[in-house]
Amino acid sequence: RALGNRIQVVINNQLAPLIGKVCMDQCFVKLNNIQAKEGDEVILFGDKSAKANDASEIATLLNTIAYETISTLSKRLERVYI
1 RALGNRIQVV INNQLAPLIG KVCMDQCFVK LNNIQAKEGD EVILFGDKSA KANDASEIAT
61 LLNTIAYETI STLSKRLERV YI
């Protein structure tokens, strides 16, 4: 919930702000001029080369550690390990 209005996600290699509060495992993103469609990948955190936040940056915003940031994600979220 604390990430709302504080981070950006990556959609189609473009940054889009997360708006409002995060509810359970759902959130809202302001697309601005990003052309997005259902099924497009949205990166909350990941590889810096993809412009994404890393877990440490998110942990700093949440006043916690990176491990806690990753381990508390819902089991419903797809995980892709590289």
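With the UniProt record's numbering as the guide, the letters of the sequence shown map in order to residues 1 to 82. Cβ atoms here follow ideal geometry from the backbone N, Cα and C, with glycine treated the same way. This structure is a prediction, so every number in the text was calculated from the model and none was measured.
Check	Outcome
By Cβ distance, which residues of its chain are closer than 7 Å to Lys-30, with the 5 residues on each side in sequence left out?	Ala-16, Pro-17, Ile-19
Let me check understanding here. Comparing Cα to Cα, which of Ala-2, Asn-5, Ala-66, Glu-78 lies closest to Val-42?	Glu-78
Taking the alpha helix (DSSP H) that Leu-61 falls in, what are its first and last residues?	55 to 62
To the nearest whole angstrom, what separates the beta carbons of Asp-40 and Asn-12, a pair I think is in contact under 8 Å?	6 Å
Kindly indicate the opening and closing residues of the beta strand (DSSP E) around Ala-36.	Unbroken run through Ala-36: none, as it is neither H nor E.
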